[in-house]
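Read the sequence shown against this note's numbering and you will find it ends at 438, with the numbers running on by one and no gaps. Each residue gets a CB set at the ideal place from its N, CA and C atoms; glycine is no exception.
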Amino acid sequence: MWCGTAVRAVRGAGGSRAASGAAAAQLRRWLEGELEGIRGAGTWKSERVIASRQGPHLRLAGGGAGILNFCANNYLGLASHPQVIRAAVQALEEFGAGLSSVRFICGTQSIHKDLEEKIARFHQREDAILYASCFDANAGIFEALLTPEDAVLSDELNHASIIDGIRLCKANKYRYKHMDMHDLEAKLQDAQKHRLRLVATDGAFSMDGDIAPLREICQLAQKYDALVFIDECHATGFLGPNGRGTDELLGVMDKVTIINSTLGKALGGAAGGYTTGPKPLIDLLRQRSRPYLFSNSLPPAVVGCASKALDLLMESNAIAQSMAAKTQRFRSKMTAAGFTISGKDHPICPVMLGDARLAAVMAEDMLSRGIYVIGFSYPVVPKGKARIRVQISAVHSDEDIDRCVEAFIEVGRKHGALP
Ligand code: PLP
C-alpha cells in the first residue's frame with residue numbers, strides 16, 4: 020500500500036510543491052513504474068499542442084503553420100463558425116461564466132431549457148436532458164433505467180463510455196459480436212427470461228467508420244420485444260438527408276427509443292452531451308441519473324454554441340449534404356490509388372495498413388508534409404489492424420482533400436504501402 024502515511028508538502032526547485040514522506044516517495048516510484056510500463060508497451064499517447072482555433076487549417080505550437088487537419092471530429096466545421104462563436108459570446112455576456120451549481124439546486128437557466136427543447140425537436144423526440152459530456156450521459160443512463168430483472172445487449176465494439184455505463188448498472192449483461200445479427204438474435208432469445216431488454220449500439224463506430232445495421236437491429240428488437248439505444252456521437256448533425264443521424268439515414272427514426280449524443284463533435288465542438296427520448300425516461304433521469312444530479316450545469320457559452328449549431332442545421336441541410344460529397348471524394352480517390360478504406364459513406368475514413376510501425380511512420384511523414392493525421396494500433400484497434408484514421412470535415416476544400424490524397428500516395432509509395 021502506498022497510502023496511509025501523513026504527507027508533508029515542500030517547495031521543489033521549480034516552485035512546485037512536492038509532497039515528501041515515505042508514502043509520497045512510494046507513490047512516486049509506483050507511478051514512474053506504471054509510466055515506464057506504458058512507454059515500454061509502445062502505447063504512450065502524446066499530445067500535439069495547437070496554437071490556433073480548431074479548423075481545417077491549424078498552427079501548431081512551436082511553428083508548423085498552415086497544417087492541414089484531418090483528425091478532428093469537427094465534421095461540419097462549426098467549431099470556428101463565426102455565428103457559433105458570436106452566440107457563445109452573447110450567452111457568456113448575458114448569462115455569465117457558469118452556474119456554480121448542479122441543475123436541481125440553482126443551475127437551470129432559460130437557455131438550458133431552450134437547448135433541451137431544441138435537441139428534442141431536432142431528433143423528433145419528446146424531451147431531452149443535458150449532461151456535461153456524452154461520456155456522462157452514457158455513464159448515467161443504464162444504472163438509472165435498468166434493474167437486476169432487466170437485460171442489456173451491447174455490441175462488443177461499443178465506445179468505452181457505453182461499456183463503463185453498462186458496468187455501473189445491475190442488469191444482466193450480454194455482449195454480441197460486432198454488428199453480427201445472428202449473434203444478437205441468439206442473445207435476444209436467451210434474454211427473453213428478463214423483464215426488459217435494451218439493445219445498445221454506437222450508431223457509427225469511430226475506429227472503423229462503419230454504421231450499425233439499425234434496420235435489422237430494430238426488426239430483431241420488434242421480434243423479441245426489446246428497446247433500442249444508440250450512441251450518435253459520430254452521426255448527429257451529418258448522417259441522413261437532414262443530418263439527424265443514423266436513424267434518419269436508415270429510416271428507423273420511429274423505432275429507436277433512446278439516443279445519446281454529444282455537443283462536442285459536429286455540433287460546435289465545445290462540450291456537453293445529452294439523452295433524448297420518451298418524456299417519462301427524461302423525467303426519471305432528472306431524478307436518478309448520477310452524473311446529472313451531482314455535476315455542474317453546462318456553462319452558458321457552451322450552451323450558446325450548441326444552440327446556434329442546431330439552429331444552423333435546422334435552417335438548411337446544405338452543410339450536412341456537403342459533408343457527404345467531401346467524404347465521397349476522399350474515399351473514391353484513395354481507393355482508386357490502391358488504398359483500402361474501411362467503413363462506408365462515413366467521414367471517418369480509416370486507411371488500413373495492418374502494421375503498427377508502418378502506420379506510425381507514415382502518419383509522422385504525413386505531418387512533415389503538412390498533413391495532420393493519426394495512426395492507431397493495438398490496443399486501440401485489434402492486433403494486425405493498424406491504420407491511419409482520416410476524418411473529413413465539410414469545411415475541407417476539394418483542394419485540401421486532393422492534397423491529402425496526393426501526400427498519402429507519395430508517403431505510401433515511399434514506405435511500401437503502395438506498389
Ligand atoms: N460516445 C462515442 C461513440 C464517442 O466517440 C465519444 C467521444 O469520443 C463519447 C461517447 C464521449 O463524448 P464526449 O466527448 O461528449 O464525452
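In the DSSP assignment, Pro319 falls within the unbroken alpha helix (DSSP H) covering 319-334. Its chain contains Ala139, Lys298, Ile301 as the residues whose beta carbon lies nearer than 6 Å to that of Asp146, once the 5 sequence neighbours on both sides are disregarded; these appear in chain order. Within the segment 258-288, complete alpha helix (DSSP H) segments of at least 4 residues are found at 265-268, given in chain order.
The DSSP-derived three-state label of Met226 is coil. Note on Ala151: 16 or more other CB atoms within 10 angstroms of its CB, so buried under the neighbour-count rule. Your pair Ala231 and Thr265 checks out as a contact, with CB atoms roughly 6 Å apart and the cut at 8 Å. Nearest to Val108 by C-alpha distance, out of Leu187, Gly96, Pro319, is Pro319. As a beta-bridge residue in DSSP terms, Phe248 pairs with Ala219, Ile277.
A distance below 8 Å separates the beta carbons of Phe161 and Ala190. Here DSSP, grouped into helix, strand and coil, assigns Arg72 to coil. As computed with DSSP, Arg305 is found in no beta bridge at all. Judged by the Cβ position, Thr281 qualifies as a neighbour of the ligand PLP at the 7 Å threshold, a heavy atom of the ligand being closer than this. Rounded to whole angstroms, the gap between the alpha carbons of Ser314 and Ala325 is 19 Å. For Thr354, the enclosing alpha helix (DSSP H) covers residues 337-356. Collapsing the DSSP output to three states places Phe161 in a helix.
By the CB criterion at 8 Å, Met198 and Pro369 fall outside the cutoff. Between Met381 and Gly389, the C-beta spacing is not below 8 Å. Taking C-beta atoms as the reference points, Leu149 and Leu134 count as a pair closer than 8 Å. Inter-residue distance for Asp174 and Arg234 is about 15 Å (C-alpha atoms, whole angstroms).
Remark: fewer than three beta-carbon pairs, one from each stretch, lie closer than 8 Å, so the segment 246-265 and the segment 198-208 are not flagged as touching. Within 7 Å of the C-beta of Ser39 there is not a single heavy atom belonging to the ligand PLP. The beta carbon of Lys352 lies closer than 8 Å to those of Ile420, Asp421, Val424 in the same chain, with the five residues before and after it left out. Distance check between Lys137 and each of Ala426, Lys345, Arg263, Asp273 places Arg263 closest, using alpha-carbon atoms only. Contact between the segment 121-134 and the segment 336-350 is absent, with fewer than three C-beta pairs closer than 8 Å. For Gln340, the closest alpha carbon among the candidates Ile411, Tyr311, Lys284 is that of Ile411. Note on geometry: alpha-carbon atoms of Cys188 and Ser308 lie some 11 Å from one another. Around the beta carbon of Glu113, a 10 Å sphere encloses fewer than 16 other beta carbons of the protein chains shown; the residue is thus reported as exposed.
DSSP, read as helix, strand or coil, puts Lys402 in coil. Judged by DSSP in its simplified three-state form, Val103 adopts helix. DSSP, reduced to helix, strand and coil, places Val392 outside both helices and strands of the structure shown, so it counts as coil. The Cβ atoms of His365 and Ile278 lie no closer than 8 Å to each other. By the CB criterion at 8 Å, Ala285 and Leu95 fall inside the cutoff. Ranked by Cα distance from Ala98, the first of Ala223, Leu77, Gly126 is Leu77. Judged by DSSP secondary structure, Cys368 falls within the beta strand (DSSP E) whose first and last residues are 367-373. Gly291 and Leu317 do touch by the CB rule: their CB atoms are close to 5 Å apart, below 8 Å. Taking non-hydrogen atoms of the ligand PLP into account, the C-beta of Gly288 is found less than 7 Å away from none of them.
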